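Read left to right, the sequence shown gives residues 9 to 101 (my numbering).
C-beta atoms are modelled at their ideal positions from N, C-alpha and C, and glycine is treated no differently.
All values derive from a computational prediction rather than experimental measurement.
Here the structure comes first, spelled out in structure tokens, and everything after it is commentary.
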Amino acid sequence: MNWSVWEVFSVISGLIMAVAGVVMPDTSFRERLSISGVGIGFVVYGFYVANQTSGTFEFPIVIFFVPVVALVYVGIQAYEWWTKSDAEETTRD
Numbered sequence: 009m010n011w012s013v014w015e016v017f018s019v020i021s022g023l024i025m026a027v028a029g030v031v032m033p034d035t036s037f038r039e040r041l042s043i044s045g046v047g048i049g050f051v052v053y054g055f056y057v058a059n060q061t062s063g064t065f066e067f068p069i070v071i072f073f074v075p076v077v078a079l080v081y082v083g084i085q086a087y088e089w090w091t092k093s094d095a096e097e098t099t100r101d
């Protein structure tokens, strides 16, 4: 296998997107499936390109930003869910 920064970031981005698609609170099944599907596609493409011995392959520059954006988005969603559940508990007391 020929691993470069492109393949590594493709796999990392894909894994983060796949996990983010599963754990995102308050999202529809379709949104989760879409995000996870794109993530799995990134992982598969990264492994596919790493196994090639010749040829030219293109990666979108977005693979460097996807992990950061996905983690920020999931963090915001989790924070909103957490504060909403805390607010509901304090109003019940």
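Using alpha carbons as the reference points, say which of W90, V76 and K92 lies closest to A28. By 1-based counting over the sequence shown, the position of residue 28 is 20. Of the listed residues, the one whose Cα sits closest to A28 is V76.
Going by beta-carbon coordinates alone, are S21 and Y53 separated by less than 8 Å? Within the sequence shown, the letter at position 13 stands for residue 21. Within the sequence shown, the letter at position 45 stands for residue 53. Taking 8 Å as the Cβ cut-off, S21 and Y53 do not qualify as a contacting pair.
Just to confirm, are M25 and V46 a CB contact at a threshold of 8 Å? Your numbering for residue 25 matches position 17 in the sequence shown. Your numbering for residue 46 matches position 38 in the sequence shown. Yes, the pair counts as a contact, with Cβ atoms nearer than the cut-off.
Pop quiz: L23 and V51 are said to be a contact at Cβ under 8 Å. What is the actual Cβ separation, rounded to whole angstroms? Counted from its first residue, the sequence shown places residue 23 at position 15. Counted from its first residue, the sequence shown places residue 51 at position 43. Right, the Cβ-Cβ distance comes to about 6 Å (below 8 Å), so this counts as a contact.
With V30 and S42 assumed to form a contact (beta carbons below 8 Å), what rounded beta-carbon distance in angstroms separates them? Here residue 30 refers to the residue found at position 22 when the sequence shown is read from its first residue. Here residue 42 refers to the residue found at position 34 when the sequence shown is read from its first residue. Not quite, the Cβ-Cβ distance comes to about 12 Å (not below 8 Å), so this is no contact.
Can you determine whether any heavy atom of the ligand GDP sits closer than 7 Å to the C-beta of G47, and answer yes or no? In the structure on display, the ligand GDP does not appear, and there are no ligands present to speak of.
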